[in-house]
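One structure is given below, encoded as structure tokens.
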Amino acid sequence: MIVRGDQIRALREERGYTLHDLAQRATLSLSYLSEIERGSKRPSLKTIEKLATALNVPKTQLIKGDISDTGLSMGDKIRLMRAEKDQSLQDLAQRAGISFSYLSEIERGTVYPAINTLKRIAGGLEVSVSSIMGNEGSLGHKLKALREEYGLTQAQLANMAGVTAGLIGQIEHGKVQPSLKTLEKLSEVMGVSPCYFIMEPGAVDQMLSLMNPELREMLMHPNVQSVLRLVCNVNEKELQFILNFIQLFKRSEIN
Numbered sequence: 302m303i304v305r306g307d308q309i310r311a312l313r314e315e316r317g318y319t320l321h322d323l324a325q326r327a328t329l330s331l332s333y334l335s336e337i338e339r340g341s342k343r344p345s346l347k348t349i350e351k352l353a354t355a356l357n358v359p360k361t362q363l364i365k366g367d368i369s370d371t372g373l374s375m376g377d378k379i380r381l382m383r384a385e386k387d388q389s390l391q392d393l394a395q396r397a398g399i400s401f402s403y404l405s406e407i408e409r410g411t412v413y414p415a416i417n418t419l420k421r422i423a424g425g426l427e428v429s430v431s432s433i434m435g436n437e438g439s440l441g442h443k444l445k446a447l448r449e450e451y452g453l454t455q456a457q458l459a460n461m462a463g464v465t466a467g468l469i470g471q472i473e474h475g476k477v478q479p480s481l482k483t484l485e486k487l488s489e490v491m492g493v494s495p496c497y498f499i500m501e502p503g504a505v506d507q508m509l510s511l512m513n514p515e516l517r518e519m520l521m522h523p524n525v526q527s528v529l530r531l532v533c534n535v536n537e538k539e540l541q542f543i544l545n546f547i548q549l550f551k552r553s554e555i556n
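Take the sequence shown: its position 125, counted from the start at 1, is 426 in my numbering, and no numbers get skipped.
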């Protein structure tokens with residue numbers, strides 16, 4: 302997370318506070334506050350909240366760039382966006398149709414919400430899903446979230462999928478990208494389509510927005526949806542066969 306140390310210093314001086322004054326108001330040590338202002342320390346969101354309260358400014362004013370572009374966790378992003386829109390936990394929970402306690406756990410990072418829940422939260426905040434997911438929409442994060450939702454350890458998942466626990470750990474930490482074969486094994490164990498892991502947040506919405514109305518309507522047809530679901534579960538060889546068939550059909554249509 303990039304904190305605007307120079308902005309904190311400017312706001313402090315504008316209010317006529319010394320370093321000692323602000324440190325006391327924010328219940329921080331003098332040396333720690335000095336390091337934050339110099340940019341040599343990256344404070345937690347809780348510390349930023351203390352400074353924002355002491356300076357009487359929104360938390361977002363102390364963070365450089367757009368919230369969705371920072372290194373904040375998903376829970377912290379939701380909390381900041383909620384505060385920016387002057388919504389309480391109860392307000393957003395009602396808008397999203399989830400419980401107050403569940404939203405609180407999401408913000409604290411103790412649980413990872415399902416994609417449908419995340420869409421409802423994004424709707425309540427009037428932002429895109431991708432703006433609050435960031436890196437947490439990556440393959441590794443999705444795998445970890447599903448694994449924990451099923452109550453499995455890395456070793457248990459590895460055993461069920463016929464891979465090593467070390468590989469699961471590396472995938473979850475984003476150190477390696479699994480092969481299609483490994484992804485198929487993991488998808489089968491977790492009961493999801495391989496598409497769930499490889500589609501980027503908001504990618505479907507983005508693709509649909511680029512299509513003309515006639516094509517979008519056709520894609521929404523139940524028969525087409527059935528075909529798309531089948532394609533999501535084919536292996537590499539089967540997919541290549543389908544692509545070759547489409548190319549052959551297009552060439553014969555031109556001739």
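Note that beta-carbon positions come from the ideal geometry of N, C-alpha and C, so glycine has one too.
Remember, it's a predicted structure, so these values are computed and weren't measured experimentally.
In the DSSP assignment, what are the bridge partners of residue i?
i: Ile-364; result: Val-304
Alpha carbon to alpha carbon, how far is residue j from residue i? Give it in angstroms, no decimals.
i: Ile-364; j: Gln-457; result: 40 Å
i: Ile-416; j: Pro-344; result: 29 Å
i: Leu-511; j: Glu-518; result: Per-residue confidence for Leu-511 stands at a pLDDT of 49, beneath the threshold of 50, marking its modelled position as unreliable; no derived number is given.
i: Gly-376; j: Gln-391; result: 15 Å
i: Asp-506; j: Met-461; result: Confidence at Asp-506 is low in this model, with a pLDDT of 49, below 50, so its placement is unreliable and no value can be given for it.
i: Lys-351; j: His-522; result: 52 Å
i: Thr-361; j: Ser-332; result: 23 Å
i: Gln-624; j: Ala-446; result: The requested residue 624 is not part of the displayed model; the chain covers only 302 to 556.
i: Gly-470; j: Met-491; result: 16 Å
i: Arg-552; j: Leu-453; result: 49 Å
i: Leu-393; j: Phe-550; result: 51 Å
i: Glu-539; j: Ala-459; result: 26 Å
i: Gln-395; j: Leu-323; result: 36 Å
i: Gly-467; j: Val-412; result: 23 Å
Taking 6 Å as the limit between beta carbons, can you name the residues of its chain near residue i, skipping five residues before and five after?
i: Thr-414; result: The displayed chain sequence assigns Pro, not Thr, to residue 414. Only Ile-407 meet the Cβ criterion.
i: Leu-426; result: Met-382
i: Ile-422; result: Ala-397
i: Gly-410; result: Ser-374, Gly-376
So for residue i, helix, strand or coil by DSSP?
i: Tyr-318; result: coil
i: His-442; result: helix
i: Ser-429; result: coil
i: Ser-635; result: Because the chain spans 302 through 556 in this model, residue 635 falls outside it and cannot be assessed.
i: Arg-339; result: helix
i: Gln-388; result: coil
i: Thr-328; result: coil
i: Gly-463; result: coil
i: Tyr-403; result: helix
i: Ser-488; result: helix
i: Thr-411; result: coil
i: Asn-357; result: coil
i: Thr-454; result: coil
Less than 7 Å between C-beta atoms, sequence neighbours within five positions excluded: which residues of the same chain meet that for residue i?
i: Thr-418; result: Ile-399
i: Val-525; result: Met-519
Given residue i, which residues of its chain have a CB within under 8 Å of its CB, disregarding the five upstream and five downstream residues?
i: Ser-341; result: none
i: Lys-486; result: Ala-462, Gly-463, Val-464
i: His-321; result: Leu-331
How would you label residue i, buried or exposed, when you count the other beta carbons within 10 angstroms and need 16 or more for buried?
i: Pro-495; result: buried
i: Ala-355; result: buried
i: Glu-449; result: exposed
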